[in-house]
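Going by our numbering, 278 is the number at position 272 of the sequence shown; the sequence numbering is gapless.
These notes concern the structure reproduced below.
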Amino acid sequence: MSAALVRWLTAQYVDIDGVEKLYFPGAYAIFGHGNALAFGDELEPLRASWPTYRGQNEQGMALAAVAYAKAARREQCMVVATSIGPGALNVVTAAGVAMANRLPMLVLAGDTFHSRAADPVLQQIEHFNSPSTTVNDAFRPVTRYWDRITHPGQLLSSLPQMISTLLDAADCGPAFLGLPQDVQAQAFDYPDEFFARTVHRQLRPRADETSIANAAHVIRAAKHPVIISGGGVRYSRAHQELSAFAQSVGIPVVETVAGKATLVADDPMWSGPIGVTGADQTNDLVAQADVVIAVGTRLQDFTTGSWTVFNPDATFIGVNAARFDAVKHRSIPVVGDARETLIALGAALAGHHTTDDWQALGRASAQRLREAIQVRTDRPLDGGLPSYAQVVAAVHRVAGPRDYVLTAAGGLPGELNINWLSKGRDTFDCEYGFSCMGYEIAGAWGAAMQLKERGDGGVVFAMTGDGSYLMLNSEIYAAVLNKDHLVLVICDNGGFAVINRLQEGHGAASFRTMLQEKDQPEPFRVDFRAHAQSLGATAVQVESVAEFEQALAAAKAGEGVQVVVINTHPKMWTEGSTFWEVGIPEVTSRDAVKQAREELLINKKNQRW
7 MSAALVRWLT AQYVDIDGVE KLYFPGAYAI FGHGNALAFG DELEPLRASW
57 PTYRGQNEQG MALAAVAYAK AARREQCMVV ATSIGPGALN VVTAAGVAMA
107 NRLPMLVLAG DTFHSRAADP VLQQIEHFNS PSTTVNDAFR PVTRYWDRIT
157 HPGQLLSSLP QMISTLLDAA DCGPAFLGLP QDVQAQAFDY PDEFFARTVH
207 RQLRPRADET SIANAAHVIR AAKHPVIISG GGVRYSRAHQ ELSAFAQSVG
257 IPVVETVAGK ATLVADDPMW SGPIGVTGAD QTNDLVAQAD VVIAVGTRLQ
307 DFTTGSWTVF NPDATFIGVN AARFDAVKHR SIPVVGDARE TLIALGAALA
357 GHHTTDDWQA LGRASAQRLR EAIQVRTDRP LDGGLPSYAQ VVAAVHRVAG
407 PRDYVLTAAG GLPGELNINW LSKGRDTFDC EYGFSCMGYE IAGAWGAAMQ
457 LKERGDGGVV FAMTGDGSYL MLNSEIYAAV LNKDHLVLVI CDNGGFAVIN
507 RLQEGHGAAS FRTMLQEKDQ PEPFRVDFRA HAQSLGATAV QVESVAEFEQ
557 ALAAAKAGEG VQVVVINTHP KMWTEGSTFW EVGIPEVTSR DAVKQAREEL
607 LINKKNQRW
């Protein structure tokens, strides 16, 4: 069975711009007794033609696979192979990342013996009342497709269903196959046709003509429409069509975190980032909109300000390949491919334009944002320590239009989303669907691999805080072994500073978020430079923004994994006024928390249902 699985995987191709490429370009693997002797042994002869990359941590290599898929615009998918038990469970978090972000990843995990002859085997958990349950059932809530192969012949039906899920724009997400150890080793007479070279192509389902007509009618009647550009624009490759549609009709475009860099910041219709991690200037514009055209976005709470950033009387049009997203919050659904839908809407709205005043407001919003970025990045240092915004600005000055910036958790997503002005399309990856600490380094490895294959000279700049670094850093060594070039910026602000901000900003006390606390006034600080060097990276610690910028330029021009460490201010943030609903207690002894609760209830009155 293992030989058949590998042979089938290596026969799947995808047409990308007229070039046929492997849909599964390789595998990340950590071998154990659950997958080394059958599946793993089939991979070894293919080391030159179908590479297998050794991860250092299962979660880390799976996060690399997620980032690879995003950098590849979902057009290719990496395989993640693990043993049974703890090795498999280590991938559950990464599967959640792929699931939340609608990204493809194929997980092949070893499983217990189907025959049960040797039960209980090493790393097996026994369920007394459910003997067919294994730890791999934990993948069910975090995968789009789940199957356990209990007979070799099941591959004939399962594999086509699996790949159709990975390729489906509406249903895209991680797929999981559990591979019992004895079944991996069994023989079966598969038909030759099953292994025929197959070329897959991106399907572009068109929206219903009535839906297009209804949406066009609503847009024609609008005085102040806006477009929200989400990640679906990226995966549909609808960048040019979005810009053309926005310009032809005169509609300002705001971007979600996933949709950032679908338009470059100098596009005439770009009006900035929306939501909690967005800009007040942009949110002020959106609040005036009477029609909101949500293109390829799942409308997460950080995009919508927990559904408070909009005019309560605004009409929503949901353009999405997934009906689930298209109908959210009373939206008028237009279910279809983003690129094809924008083309159809443009044709239906030919000759129609919004007012010059409304378009000018969109441009003014973008200009005010640029001015605000300049002010906060030029401010004097507080105590010699730069803010995150100032660090982001330095990276921005060094990065070129083909370079790729990546982050995930902590305070950096907000600071990057609002302070980064995209120079090139599809050059921004902020994993803010699951906001997974540890994605920064592992994801940088996966993205760097994809950029290397792309061959356009782009370099990955990954930005992480000290907290995320300490949580998962092992894939630095994996990237070193694979000779991949990436630049890792470590911002050390002494703890989980953004959660400290959350605590204190809602009336709570600072508690176990910062390293320095009342009962630990002089904590030991990690030497991140030395640690990164011990893993094989080239690393430097800098003491000023000027020195930081010089080090970044050298790192970009260098080879291998380059690490630049800088201490940053733990309290200096880019402020925003957009509401975000969090759980503030109804009953408390703290007056500050009572006040925060009252403010919560006031803001909730503005939520759209």
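Glycine included, each C-beta is placed from N, C-alpha and C at the ideal position.
Query                                                                                                                                                                                     : Result
Which whole runs of the alpha helix (DSSP H) in the segment 145-215 are 4 residues long or more, in chain order?                                                                          : 161-173, 187-190
Please report the Cβ distance between Val263 and Cys436, rounded to the nearest whole angstrom; I am assuming they are in contact, meaning their Cβ atoms lie under 8 Å.                  : 5 Å
Taking three-plus beta-carbon pairs below 8 Å as touching, is the segment 248-268 in contact with the segment 339-353?                                                                    : yes
So the candidates are Gly463, Ser474, His402; which of them puts its Cα closest to the Cα of Arg4?                                                                                        : The question about residue 4 has no answer here: the residues shown for the chain are numbered 7 through 615.
Do three or more CB pairs link the segment 564-573 to the segment 530-540 at distances below 8 Å?                                                                                         : yes
Along the chain, which unbroken stretches of the beta strand (DSSP E) at least 3 residues long are found entirely within the segment 501-569?                                             : 544-548
Quick check on the DSSP output: the beta strand (DSSP E) that includes Ile338 runs from which residue to which?                                                                           : 338-341
Could you check whether the segment 277-289 touches the segment 415-432, counting it as contact only if at least three pairs of C-beta atoms, one from each stretch, sit closer than 8 Å? : yes
For Ser8, which of helix, strand or coil comes out of DSSP?                                                                                                                               : helix
Taking the beta strand (DSSP E) that Ala379 falls in, what are its first and last residues?                                                                                               : A quick correction: the sequence has Ile, not Ala, at residue 379. Segment 362-384 is the alpha helix (DSSP H) holding Ile379; no beta strand (DSSP E) there.
Near Val401, what residues of its chain come up, given a Cβ to Cβ distance below 8 Å and the 5 sequence neighbours on each side ignored?                                                  : Val411, Phe467, Met469, Val495, Leu558
What three-state label does DSSP hand Val239 in the structure shown?                                                                                                                      : helix
State the Cα-Cα distance for the pair Ser170 and Ala35, rounded to the nearest angstrom.                                                                                                  : 23 Å
Jot down the residue ranges of each uninterrupted alpha helix (DSSP H) in the segment 273-303, minimum 4 residues, whole runs only, in chain order.                                       : 286-293
Looking only at its chain, what residues have a beta carbon closer than 6 Å to the beta carbon of Ala228, apart from the 5 residues adjacent to it on each side?                          : Asp296, Val297
Exposed or buried, which one is Ser55 when buried takes at least 16 other CB atoms within 10 Å?                                                                                           : exposed
In the DSSP assignment, what residue or residues form a beta bridge with Cys436?                                                                                                          : Thr413
Count the other CB atoms within 10 Å of the CB of Glu199; is the residue buried (16 or more) or exposed (fewer)?                                                                          : exposed
Hey, could you find the ends of the beta strand (DSSP E) Lys27 is sitting in?                                                                                                             : 25-28
For Ala123, name the three-state secondary structure that DSSP assigns.                                                                                                                   : coil
Quick check: what's the CA-CA separation for Ala353 versus Ala221?                                                                                                                        : 12 Å
Which same chain residues end up closer than 8 Å to Glu459 when comparing Cβ atoms and leaving out the 5 residues on each side of it in sequence?                                         : Pro31
Does DSSP put Asp143 in a helix, in a strand, or in coil?                                                                                                                                 : helix
Report yes or no: do the segment 327-340 and the segment 175-182 share at least 3 C-beta pairs separated by less than 8 Å?                                                                : yes
Looking at the structure shown, is Val397 part of a helix, part of a strand, or coil, going by DSSP?                                                                                      : helix
Please classify Leu6: is it buried, with 16 or more other beta-carbons within 10 angstroms of its beta-carbon, or exposed?                                                                : A query on residue 6 cannot be resolved here, the shown segment of the chain reaching from 7 to 615 and no further.
Residues in the same chain with beta-carbon distance under 6 Å from Ala415, minus the five sequence neighbours each way, listed in chain order, please.                                   : Ser441, Met443, Ser474
Assign Ile225 to one of two classes, buried (16 or more other C-beta atoms within 10 Å of its C-beta) or exposed (fewer than that).                                                       : buried
Counting along the chain, where does the alpha helix (DSSP H) carrying Ile424 start and finish?                                                                                           : 418-425
Per DSSP, Glu261 forms a beta bridge with which residues?                                                                                                                                 : Ser235, Pro279
In this structure, how does DSSP classify Asp462 when only helix, strand and coil are distinguished?                                                                                      : coil
So which of Leu185, Leu172, Gln160 has the shortest CA-CA distance to Asp195?                                                                                                             : Gln160
Considering only the alpha carbon of each residue, which of Gln522, Pro186, Glu555, Ile379 lies closest to Ile90?                                                                         : Pro186
Short of 6 Å in beta carbon distance, which residues of its chain neighbour Val12, apart from the five on each side in sequence? Order them along the chain.                              : Glu48
Got a sec? Which residues, its chain only, sit under 7 Å from Gly238 by beta carbon, not counting five neighbours each side?                                                              : Val301, Gly302, Thr303, Asn326, Ala327, Ala344
Checking the sheet assignment: what are the DSSP bridge partners for Ile22?                                                                                                               : Val25
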